[in-house]
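Asker: Numbering (this note's numbering), first residue to last: 5 to 540.
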Amino acid sequence: MQEKQSQLEDLRQFFGRRVYQQARSLVNSWGALQDVHWNEVWYREFSTSVEKLTRLAKRYNLTSLLHAAEKLTALLQTANIHNAPNSALLEQMNEAVNQVAEACSRVNDDVPVQSISSGRKPVYLCFRNQELAESVCSTLAHFGIPGYVYTETDLLEQSILHRMPAAMVIDVACSDDNLQWIAHIQQHFSEKIPVVFYSMQEPTIESRLSAVRCNGIAFLTGKLDSGELTERLVSIYSMQSDRPFRVLVVDDSQSQAAAAEKALNYAGIFTRNVTDPMAMLNALDSFNPDAVLMDMYMPGCTGPELAQIIRQQPKYDAVPIIYLSAESDIKKQLQAVSLGGDDFITKPFDKGVLITTVLNRCRRYRNLKHQLKRDSLTKLLNHKNILQELELSVEAAAANNQSLCFAMIDIDHFKKVNDAYGHSMGDRVIAALSLYLRQRFRVTDSIGRYGGEEFAVVLPATRPEVAEALLNDVREDFSKLVHQLDGEEVGVTFSCGIACCTEQEDAISLSQRADKALYRAKANGRNCVELAEIQS
Numbered sequence: 005m006q007e008k009q010s011q012l013e014d015l016r017q018f019f020g021r022r023v024y025q026q027a028r029s030l031v032n033s034w035g036a037l038q039d040v041h042w043n044e045v046w047y048r049e050f051s052t053s054v055e056k057l058t059r060l061a062k063r064y065n066l067t068s069l070l071h072a073a074e075k076l077t078a079l080l081q082t083a084n085i086h087n088a089p090n091s092a093l094l095e096q097m098n099e100a101v102n103q104v105a106e107a108c109s110r111v112n113d114d115v116p117v118q119s120i121s122s123g124r125k126p127v128y129l130c131f132r133n134q135e136l137a138e139s140v141c142s143t144l145a146h147f148g149i150p151g152y153v154y155t156e157t158d159l160l161e162q163s164i165l166h167r168m169p170a171a172m173v174i175d176v177a178c179s180d181d182n183l184q185w186i187a188h189i190q191q192h193f194s195e196k197i198p199v200v201f202y203s204m205q206e207p208t209i210e211s212r213l214s215a216v217r218c219n220g221i222a223f224l225t226g227k228l229d230s231g232e233l234t235e236r237l238v239s240i241y242s243m244q245s246d247r248p249f250r251v252l253v254v255d256d257s258q259s260q261a262a263a264a265e266k267a268l269n270y271a272g273i274f275t276r277n278v279t280d281p282m283a284m285l286n287a288l289d290s291f292n293p294d295a296v297l298m299d300m301y302m303p304g305c306t307g308p309e310l311a312q313i314i315r316q317q318p319k320y321d322a323v324p325i326i327y328l329s330a331e332s333d334i335k336k337q338l339q340a341v342s343l344g345g346d347d348f349i350t351k352p353f354d355k356g357v358l359i360t361t362v363l364n365r366c367r368r369y370r371n372l373k374h375q376l377k378r379d380s381l382t383k384l385l386n387h388k389n390i391l392q393e394l395e396l397s398v399e400a401a402a403a404n405n406q407s408l409c410f411a412m413i414d415i416d417h418f419k420k421v422n423d424a425y426g427h428s429m430g431d432r433v434i435a436a437l438s439l440y441l442r443q444r445f446r447v448t449d450s451i452g453r454y455g456g457e458e459f460a461v462v463l464p465a466t467r468p469e470v471a472e473a474l475l476n477d478v479r480e481d482f483s484k485l486v487h488q489l490d491g492e493e494v495g496v497t498f499s500c501g502i503a504c505c506t507e508q509e510d511a512i513s514l515s516q517r518a519d520k521a522l523y524r525a526k527a528n529g530r531n532c533v534e535l536a537e538i539q540s
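Right, dumping it as structure tokens:
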């Protein structure tokens, strides 16, 4: 009987890994649209990913995943293989991709991290110090990242040609030829392998240049921080694709606006056009764009005047404004940019130039917004924004008649860690837990630093027993993680309180009940999870 249960468990984990891998492939393919643009090759590859996921969902009777995959199939059939769909269809497709990611994360809620990691591409590490490399591998394993250690470059090269890794971590001390061997390896692949370089000594600018030419995504120096290295690597395995950019096109010529929209749609950018400049503010509020693309000369209100109106409002002060105009006088272009603008593109425009300029501006703006909402140490939502997410989630749960759980987490005996090892080591523990939480929760969950050593997690569409089991699993796994603090190996635990939203309950009441449950977990000996009492 036990053997049969074990076989069933192995089978469950196997299909969990297969579904996860295929869904991740689909999400990554969709995210690549910004770079490769809509074309026949991309369309066929993306369609193949959707077909494979549909077959897996049917085979394992995964209803929500099948629904999302079939929705994508239907949308693809309405699209033109050679021409990019309009913004409305792109938004529908993006929503379906998000549903795939969410449904897949639910499939894997009960699959152990170690099981999922065994189906992932590995990370190859090449270090002179094998003991250090093994220690790094052990840390990566806790975050679901499989790692293999090599001390000889020849063996590493053979392994790469046998199985391409997700990334490499290279100690430059292993290279006697200024990293030329890595450049040689990269020539075998059209898609370069991401490489994190490490040096105990401060590298020269020549070494840094060689690293850049070898597709180095980071160069870590000094005493190796496993947490920082893990932070660099986890994004490679992320299931979540970036939300497509949104651009508001303001041009009194419908044909000119449509031409700009069509060009941007090729890169998967959502667009909305406004032909009456006096209607721009309403569109700005409702569409919430990442950039505004506007003509310079329009009846009733010029582009520079419109830019100054936008800049009068603090919430739009940083939104990029790009002029798209037939004006060729460089002095007039510069004058327009100085009046609230950020960039200038001359009509008739080159599609590639337009897309690249808009994407660069959107990325910078999105990154700036991201940083302002995040805690600088943990990269999680700050106190203000995690509470805003909770309020929005409470409203959504009530509107959709869904369950919602809110978890409060507090690191046990954190003051002792600070007193014994110093605040910098305490910060390292906080950063490690935040990274672990980001790895373990779904893309639809919101995680924030509540303050100090306290964290908060918003879990939409989650029953209390599921939330309790999940947080207990996370708690147990995190307690096994070894932290290197001043040369000592230290284990850390956390306590957790969970409250499930009831009818007519607001965010304040829900957070207060979760906090009381956390207090009870502390009183019951710490390193445990407590559910809040049901509110009558």
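Note that CB positions come from ideal geometry on N, CA and C, so glycine has one too.
Here the structure is a predicted model, which means the values were calculated and not measured.
Anyone know if the C-beta pair for D294 and P324 falls short of 9 Å?
Answerer: Result yes, Cβ atoms of D294 and P324 sit closer than 9 Å.
Asker: Where E195 and S230 are concerned, what is the direct C-alpha to C-alpha distance, given to the nearest angstrom?
Answerer: Approximately 26 Å, taken between the alpha carbons.
Asker: Are G345 and Y320 close, meaning C-beta to C-beta below 9 Å?
Answerer: Taking 9 Å as the Cβ cut-off, G345 and Y320 do not qualify as a contacting pair.
Asker: Among F498, K377 and M282, which residue has its Cα nearest to the Cα of V433?
Answerer: Per the Cα distances, F498.
Asker: Between the C-alpha atoms of S257 and I313, what's the straight-line distance to the nearest angstrom?
Answerer: When rounded, the distance between both Cα atoms is 21 Å.
Asker: Give me the Cα-Cα distance between I349 and E265, rounded to the nearest whole angstrom.
Answerer: Those two C-alpha atoms are separated by around 15 Å.
Asker: Assuming the contact rule is C-beta atoms closer than 8 Å, A177 and V199 should be a hit. Round their C-beta distance to whole Å, please.
Answerer: So it is not a contact: roughly 15 Å between Cβ atoms.
Asker: Going by the DSSP bridge assignment, what does T234 pair with across the sheet?
Answerer: For T234, which the question treats as bridged, DSSP gives no partner whatsoever.
Asker: What separation, rounded to the nearest whole angstrom, lies between the Cα atoms of Q392 and C505?
Answerer: Taking the straight line from one Cα to the other gives about 16 Å.
Asker: Do I174 and I554 come within 9 Å of each other at the CB atom, strictly closer than that value?
Answerer: Outside the shown range of the chain (5 to 540) lies residue 554, about which nothing can therefore be said.
Asker: May I ask which residues mark the beginning and end of the beta strand (DSSP E) holding E459?
Answerer: Rather than Glu, the amino acid found at residue 459 in this sequence is Phe. Element bounds for F459: E458 to P464.
Asker: In whole angstroms, what is the alpha-carbon distance linking S33 and Y47?
Answerer: Their Cα atoms are separated by approximately 10 Å.
Asker: Quick one: residues in its chain with C-beta nearer than 7 Å to the C-beta of A402, no 5 flanking neighbours on either side, listed in chain order?
Answerer: Closer than 7 Å at Cβ, skipping near neighbours: no residue.
Asker: Just the Cα atoms here: how many angstroms apart are P3 and F274?
Answerer: Past the boundaries of the shown model lies residue 3; the chain is included only from 5 to 540, so the question cannot be answered.
Asker: Relative to the C-alpha of R250, which residue among L94, V101 and L522 is closest?
Answerer: Of the listed residues, the one whose Cα sits closest to R250 is L94.
Asker: Taking buried to mean at least 16 other C-beta atoms within 10 Å of its own C-beta, is H146 buried or exposed?
Answerer: Buried: at least 16 other Cβ atoms inside 10 Å.
Asker: Give the secondary structure of M204 by DSSP, where H, G and I count as helix, E and B as strand, and everything else as coil.
Answerer: It is coil, neither helix nor strand.
Asker: S450 bridges to which residues according to DSSP?
Answerer: Paired residues: V462.
Asker: Hey, out of R446, G455 and E74, whose CA is closest to T466's CA?
Answerer: Comparing Cα positions, the closest option is R446.
Asker: Closest to T208 by C-alpha separation, out of N219, L183 and S139, would be which residue?
Answerer: The residue with the shortest Cα to Cα distance from T208 is L183.
Asker: Going by C-alpha to C-alpha distance, which of D289, Y440, Y270 and V461 sits closest to S450?
Answerer: Looking at the Cα atoms, V461 is the closest of the given residues.
Asker: Please go through the same chain and pick out, in chain order, the residues whose beta-carbon is closer than 8 Å to the beta-carbon of N269, but skip the five residues on each side of it.
Answerer: W42, A88, P89, N90, S91, L94 and T275, listed in sequence order.
Asker: What are the start and end residues of the alpha helix (DSSP H) that includes N371?
Answerer: Its alpha helix (DSSP H) spans residues K355 to K377.
Asker: Rounding to the nearest angstrom, what Cα-Cα distance links Y523 and R517 in this structure?
Answerer: Their backbone Cα atoms lie some 10 Å apart in a straight line.
Asker: Could you check how far apart the C-beta atoms of K355 and A267 are, in whole angstroms? I think they sit under 8 Å.
Answerer: About 5 Å; that satisfies the 8 Å criterion.
Asker: Which word fits H192, buried or exposed, when buried means at least 16 other C-beta atoms lie within 10 angstroms of its C-beta?
Answerer: H192 is exposed by the Cβ-count criterion.
Asker: For Y154, name the three-state secondary structure that DSSP assigns.
Answerer: In the structure shown, Y154 sits in a strand (DSSP, three-state: E or B).
Asker: Could you pull the start and end residues of the alpha helix (DSSP H) that E404 belongs to?
Answerer: According to the sequence displayed, residue 404 carries Asn and not Glu. Its alpha helix (DSSP H) spans residues H387 to N404.
Asker: Considering R276, what are the terminal residues of the alpha helix (DSSP H) in which it resides?
Answerer: Where R276 is concerned, there is no enclosing alpha helix (DSSP H), although the beta strand (DSSP E) it sits in stretches over F274 to V278.
Asker: Tell me, to the nearest whole angstrom, how far the beta carbon of R479 is from that of N531; I am working on the premise that it is less than 8 Å.
Answerer: Indeed, because the Cβ distance is near 7 Å, the residues count as touching under 8 Å.
Asker: Can you find the residues in the same chain that come closer than 6 Å, C-beta to C-beta, to E44, ignoring five residues on each side of it along the sequence?
Answerer: Contacts found: I85.
Asker: Are A100 and L69 touching if we call contact CB-CB under 9 Å?
Answerer: No.
Asker: Using DSSP's beta-bridge definition, name the partner residues of E492.
Answerer: E492 is bridged to L489.
Asker: Label Q339 either buried or exposed according to how many other C-beta atoms from any shown protein chain fall within 10 Å of its C-beta, with 16 as the threshold for buried.
Answerer: It is exposed - the Cβ of Q339 has fewer than 16 other Cβ atoms within 10 Å.
Asker: Identify, in the order they occur along the chain, each residue of the same chain with its Cβ nearer than 8 Å to the Cβ of A222, setting aside the five sequence neighbours on each side.
Answerer: Correct list, in chain order: V200, F201 and R236.
Asker: Tell me the rounded alpha-carbon separation between V253 and A283.
Answerer: When rounded, the distance between both Cα atoms is 12 Å.
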